[in-house]
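Student: Everything in the sequence shown is counted per the working numbering, starting at 365 for the first residue and increasing by one. Submitted below is the structure of interest, expressed as structure tokens.
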Amino acid sequence: MNLEEAIVGRYSCRAYLDRPVPRGVIEKILDTARWSPSGANLQPWQVAVVQGETKERLSGALVETFERGEKPAPDYPYYPKEWPEPYRSRRFQCGMALYQALEIERDDKARRLEAWKENYRFFGAPVALFFFVDRVMEQGAWLDMGMFVQSVMLAARDQGLESCPQASVADYPEVVRQVLGMDDDKRLLCGLSLGYPDPDHPVNNYRTDREPVESFTKWFE
Ligand SMILES: Cc1cc2nc3c(=O)[nH]c(=O)nc-3n(C[C@H](O)[C@H](O)[C@H](O)COP(=O)(O)O)c2cc1C
């Protein structure tokens, strides 16, 4: 797969085939992604690969926490507190495109909630990855983490897999830490569902748009 096709063809996959991913394939993806750059080559990424019975337990705990209406308590704020333009409109469009693909009416709150809950079921993916960074690390390391996660997503495509990055599963880091038996010394940045895509599911058959280059670029010559 050429690089442009890998980047442009990537999409957030929200329905997966019931087909296991061999451990060797996951190892190969991480083995490629570890060549991502990082400031001073600190390589701050720490990954939990969650599958099988542990994934089911974690999914159950997250769904239960969400259904209980527990207030999200992420290790860091991912989104702004306020939503000025153009971010408000982009966020709105992003949600609308998803609900349209799933044929969910705008005011059908129950089905919207069900759709959101799929996050905590990892959209049926056989593998869920969780990305952590030591709490001592500053925001520079988070930049490194972003590059690492993109490398994972692209390397996954090279193996015939698709993925969906998920801040939603980082809403309840204590639940994740508790089920995985992890200490509090690392921040949970996000999760990533990973697996073979279900090409026939409507949720995988729409694509998000992007602004043109001139809208975000200033040239100084
Ligand atoms: C760090 C990060 C967190 C995200 N969290 C979620 C999430 O919790 N649930 C979800 O369905 N999509 C999530 N997304 C996917 C975005 O909605 C998606 O990347 C964006 O709409 C662009 O669409 P595309 O990935 O299909 O190109 C996340 C994306 C990123 C990069």
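The C-beta atom is built at its ideal place from N, Cα and C for all residues, glycine as well.
1) Around the C-beta of M509, are 16 or more other C-beta atoms found within 10 angstroms, so that it is buried, or is it exposed?
2) The beta strand (DSSP E) with V414 in it runs from where to where?
3) Spatial neighbours of Y442 within its chain, please: CB distance less than 6 angstroms, with the 5 preceding and 5 following residues excluded, ordered by chain position.
4) Any heavy atom of ligand 1 closer than 7 angstroms to the CB of R378?
5) With 16 other CB atoms within 10 Å as the buried threshold, where does S586 fall?
6) Whole angstroms is fine: what's the gap from M460's alpha carbon to N569's?
7) Label F430 either buried or exposed according to how many other C-beta atoms from any shown protein chain fall within 10 Å of its C-beta, with 16 as the threshold for buried.
8) Can you grab the Cα-Cα spacing for the pair L507 / R387, in whole Å?
9) Enumerate in chain order the residues of its own chain whose CB-to-CB distance from R541 is below 8 angstroms, with the five nearest sequence positions on each side excluded.
10) Please give me, in chain order, every unbroken run of the alpha helix (DSSP H) with length at least 4 that falls completely inside the region 402-481.
11) Between D562 and the rest of its own chain, which residues show a CB-CB distance below 7 angstroms, the 5 nearest in sequence each way excluded?
12) What's the call for E526, buried or exposed, on a 16-neighbour Cβ count within 10 Å?
13) What does DSSP give as the partner residues of K550 in its beta bridges?
14) Taking only the alpha-carbon atoms, compute the straight-line gap between E428 and W583 and give it to the nearest angstrom.
15) Quick one: is Y451 buried, meaning 16 or more other Cβ sit within 10 Å of its Cβ, or exposed?
16) Cutting at 7 angstroms between CB atoms, please list the residues of its own chain near Q415, excluding the five before and the five after it.
17) I need the DSSP call for Y484, collapsed to helix, strand or coil.
18) The alpha helix (DSSP H) with Q530 in it runs from where to where?
19) For P537, is the classification buried or exposed, using 16 other Cβ atoms within 10 angstroms of its Cβ as the cut-off for buried?
20) Using a threshold of 7 angstroms, is the CB atom of T429 nearer than that to any non-hydrogen atom of ligand 1?
21) Reducing DSSP to helix, strand and coil, say where A397 ends up.
22) Taking the beta carbon of N366 as the centre, do at least 16 other beta carbons fall within 10 Å, making it buried, or is it exposed?
Tutor: Quick look at the numbers:
1) Here residue 509 corresponds to residue number 145 of the sequence shown, with the count starting at 1. Answer is buried; the Cβ neighbour count reaches 16.
2) Translated into positions along the sequence shown, residue 414 becomes position 50. From DSSP, the beta strand (DSSP E) with V414 extends over Q410 to Q415.
3) Position 78 of the sequence shown, counted from the start, is the residue given in the question as residue 442. Correct list, in chain order: A531.
4) The count along the sequence shown starts at 1 and reaches residue 378 at position 14. Yes, the Cβ of R378 comes within 7 angstroms of a heavy atom of ligand 1.
5) As shown, the chain starts at 365 and ends at 585. That puts residue 586 outside it, with no answer to give.
6) As a position in the sequence shown, residue 460 is number 96, starting the count at 1. As a position in the sequence shown, residue 569 is number 205, starting the count at 1. So the two alpha carbons sit approximately 14 angstroms from each other.
7) Translated into positions along the sequence shown, residue 430 becomes position 66. In the assembly as shown, F430 is a buried residue. Its beta-carbon has 16 or more other beta-carbons within 10 Å.
8) As a first step, residue 507 is located in the sequence shown; it is residue number 143 there, counting from the start. As a first step, residue 387 is located in the sequence shown; it is residue number 23 there, counting from the start. C-alpha separation (whole angstroms): 27 angstroms.
9) Looking up residue 541 in the sequence shown gives position 177. Result list for R541: D547, D548 and L552, in chain order.
10) 416-431, 451-465 and 473-481
11) Taking the first residue of the sequence shown as 1, we reach residue 562 at position 198. A379, Y380, L381 and N568, listed in sequence order.
12) As a position in the sequence shown, residue 526 is number 162, starting the count at 1. Buried, by the Cβ-count rule.
13) Looking up residue 550 in the sequence shown gives position 186. K550 pairs with D498.
14) Here residue 428 corresponds to residue number 64 of the sequence shown, with the count starting at 1. Here residue 583 corresponds to residue number 219 of the sequence shown, with the count starting at 1. Distance between the alpha carbons of E428 and W583: 50 angstroms.
15) Counting from one through the sequence shown, the residue named residue 451 turns up at place 87. When all chains shown are included, Y451 counts as exposed.
16) Locating residue 415 in the sequence shown gives position 51, where the first residue counts as 1. So the list reads P490 and V491, once near-sequence residues are dropped.
17) Within the sequence shown, numbered from 1, the residue matching residue 484 stands at position 120. In the structure shown, Y484 sits in a helix (DSSP, three-state: H, G or I).
18) Within the sequence shown, residue 530 is the residue found at index 166, counting from 1. Premise fails: Q530 lies in the beta strand (DSSP E), E526 to Q530, not in any alpha helix (DSSP H).
19) Taking the sequence shown and counting its residues from 1, one reaches residue 537 at position 173. That one is buried.
20) Here residue 429 is taken as the residue at index 65 of the sequence shown, counted from 1. Incorrect: T429 has no Cβ contact closer than 7 angstroms to ligand 1.
21) Numbered from 1 along the sequence shown, position 33 holds the residue referred to as residue 397. It is helical.
22) The sequence position of residue 366 within the sequence shown is 2, counting from 1. It counts as exposed.
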